[in-house]
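One structure is given here, and the rest of the page talks about it.
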Amino acid sequence: MSTEDAAAWLRRIAIHEAGHAVIGRAVTMACGGATIVPDDSLGRDGSAGHAVVASADATWRAWEEREKFRGYASTVRGRIITVQSGREAEAEILGPPFASDDDDDDHRVAAALAEDLDIRTDDEPAALARLRRAARQLVRRHRADIETIAGMLMERGTLTGEEIDAALPPGFMALPVTWPPA
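The letter at position 141 of the sequence shown is residue 143 when you use the numbering used here, and the numbering goes up by one with no holes.
The structure is reproduced here in structure tokens:
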């Protein structure tokens, strides 16, 4: 891979992970750091990076602690939107020639989460498509923030949850929930 191709690939990964990190916060999921540093310790050979977003259960508990009462299905929908936001950030910011179709892990997670919503199997593709459109809309709204976090990932490789929270505009999240809890 040429130096130019490697830089474009790394930027794509940075935008993907920044999409997860920013949109997870926008929908008030419990979030942590993000990295574009390959990490095979996760059991995924060649893993290009990841953004830490807590499970729907962990977010639900965090919401309860903050006395933010919404139905459990809201946490599942938020998690699906967050999972889909990486690919949507790539498509929105980089366009079709650079957007990857290789986010199979994200597709599997979204489909598994949809099962928690008790959606009829034949209605599941339409429900996931609606949530993907919501993710795309949020990516458009928060594009500048995603590009800021992606730029920081390009410079540093890894960001803590606190660094991401600090880089976002004041009031971005009313009460950030850093994951994992201290």
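Even glycine gets a Cβ: it sits at the ideal position worked out from N, Cα and C.
Computed from a predicted model, the values in this text were never measured in an experiment.
Residue i and residue j closer than 7 Å at C-beta
| i | j | result |
| --- | --- | --- |
| A136 | I83 | yes |
| L170 | I38 | no |
| I166 | I148 | no |
| G34 | G163 | yes |
| H18 | G88 | yes |
| V78 | L119 | yes |
Beta-carbon separation (whole angstroms), residue i vs residue j, contact threshold 8 Å
| i | j | result |
| --- | --- | --- |
| A28 | A53 | Not a contact, Cβ separation roughly 13 Å. |
| I25 | V141 | 6 Å |
Three-way DSSP call (helix, strand, coil) for residue i in this model
| i | result |
| --- | --- |
| A36 | strand |
| H109 | helix |
| T162 | coil |
| H144 | coil |
| A56 | coil |
| D30 | According to the sequence provided, residue 30 is Thr. The question's Asp does not apply to it. Three-state result, T30: coil. |
Burial state of residue i (16 or more Cβ within 10 Å)
| i | result |
| --- | --- |
| A168 | exposed |
| T5 | exposed |
| R138 | buried |
| E117 | exposed |
Top-ranked residue by Cα proximity to residue i, from the options
| i | options | result |
| --- | --- | --- |
| A58 | E69, R81, V85 and R68 | R81 |
| S76 | Q86, S87, T61 and E69 | T61 |
| H109 | L133, L96 and A9 | L133 |
| A146 | E126, F174 and P127 | F174 |
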